[in-house]
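Here is the structure we will look at, set down as structure tokens.
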Amino acid sequence: ANCVSAGRMAAQRAVVDARIREVLASTYFVLNENGPLCFTVGGSDPADLAHRVSVGDRHTCSCAVGRAGREPCEHMLFVLLKVFRIPPTNPLLYGLGIREAQLEEVMKGRAKRTSRA
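Residues 278 to 394, numbered by our numbering, are exactly what the sequence shown covers, in order.
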């Protein structure tokens, strides 16, 4: 990879790292489960509107960062970290989607959480 793309990747990783820290320190919650991979997410801040998040081959979110599609937004990260219990150090958090085989592992993490509840 050339220097520009390596620098961009490092900058992108720093942005996602900051968002992960923000999600871990913030109060987000699932307002509605629209399907096994689709959620309406809200936050404790009244200014933070409810956003529709879908995870899968290509993650989507209705917020401005999610629509831009350059890196995962805090709402996508919330779903991956808290709903599917992906550890904060897992490389899956840095991508804009999860392949089907990886998705099965993610779903198993959620099933464990649900069975404990």
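No residue lacks a Cβ here, since even glycine has one placed at the ideal position from N, Cα and C.
For this session: Rounded to whole angstroms, what's the CA-CA distance from residue 274 to residue 339? Just pull it up for me.
Result: Coverage of the chain is limited to positions 278 through 394, which leaves residue 274 absent and any answer about it impossible.
Problem set entry | Uninterrupted beta strand (DSSP E) stretches inside the stretch 294 to 375 (no shorter than 3 residues) | Taking only runs of at least 3 residues, the beta strand (DSSP E) segments lying wholly in the stretch 294 to 375 are 305 to 312, 315 to 320, 328 to 331.
Exercise. Sorted by chain position, which residues of the same chain lie with C-beta nearer than 7 Å to residue 314's C-beta, five sequence neighbours on each side aside?
Worked result: For residue 314, where only same-chain residues beyond five positions count, the Cβ hits under 7 Å are 331, 332, 333.
Exercise. When the distance is taken between beta carbons, is residue 318 closer than 7 Å to residue 355?
Worked result: Between residue 355 and residue 318, the CB-CB gap stays under 7 Å.
Problem set entry | residue 386 and residue 362 closer than 7 Å at C-beta | Contact check for residue 386 against residue 362 passes: the beta carbons are separated by less than 7 Å.
Problem set entry | Rounded straight-line distance, which links the Cα of residue 375 to that of residue 369 | Straight-line Cα distance between these residues: approximately 7 Å.
Exercise. If you draw a straight line from the C-alpha of residue 305 to the C-alpha of residue 328, how long is it?
Worked result: Residue 305 and residue 328: Cα-Cα distance of roughly 11 Å.
Exercise. How many angstroms separate the CA atom of residue 283 from the CA atom of residue 289?
Worked result: One alpha carbon belongs to residue 283, the other to residue 289, and they sit about 10 Å apart.
Exercise. Excluding sequence positions up to five away, which residues of its chain have a Cβ less than 8 Å from the Cβ of residue 301?
Worked result: Correct list, in chain order: 358, 365.
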